Amino acid sequence: MSLGPLVSAPPPIPWHAFAAFAALAVGGAQLALPKGTLRHRVLGYAWVALMLIIALSSFWIQQIRLIGPFSPIHLLSILVLATVPLAAWYAHTHKVAAHRGAMIKLYLFALVGAGIFTLLPGRIMHAVVFGQ
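Numbering (my numbering), first residue to last: 743 to 874.
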């Protein structure tokens, strides 16, 4: 495993990937640690910020062009941009079940699920993890 292909990639790909790595770690901690604490709230705001950075930066990553400069993954970015603030609002308004469900789904599908697709041959993360 070598970060060479990632750090030599044009911006915003490295920022996007490192924000995703951080979101994986913070989100995993959020799922494992006690809920409702100050730490949970602080890490939650950090995770929300990371997810918004990931989603926004994706619009400048256009290696796969299926619909003009965009690909179907950009639809997921739009969904994330709508769902992350909604999930944070659920927490703010004490709708705990809705907050929990939205955040778990975002973590599993928008972060882990989308991340798995970056491991396909020909993608930068495939080169990082498996070599060229």
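Think of the CB as a built atom: it goes at the ideal place given N, C-alpha and C, for glycine as much as any other residue.
Values in this document were obtained by computation on a predicted structure and should not be read as measured data.
Discussion item. Less than 6 Å between C-beta atoms, sequence neighbours within five positions excluded: which residues of the same chain meet that for alanine 869?
Written reply: Pro747
Worksheet item: How about isoleucine 815 and histidine 758: do their beta carbons lie closer than 9 Å?
Response: no
Worksheet item: Closest by CA to isoleucine 858, which one among Ala751, Ala762 and Ile755?
Response: Ala762
Worksheet item: From what residue to what residue does the alpha helix (DSSP H) around tryptophan 802 run?
Response: No alpha helix (DSSP H) contains tryptophan 802, which DSSP labels as neither H nor E.
Worksheet entry | CB contact flag (valine 822, alanine 852, <9 Å) | yes
Worksheet item: Would the beta-carbon of threonine 825 fall within 9 Å of that of leucine 862?
Response: no
Fill in: Buried versus exposed call for methionine 793 [16 or more other C-beta atoms within 10 Å across all chains shown]
buried
Discussion item. I'd like to know whether the C-beta atoms of leucine 798 and alanine 856 end up nearer to each other than 9 Å.
Written reply: no
Fill in: Inter-residue spacing [alpha-carbon to alpha-carbon] between serine 750 and histidine 836
44 Å
Worksheet entry | Enclosing alpha helix (DSSP H) for lysine 847 [first to last residue] | 838–847
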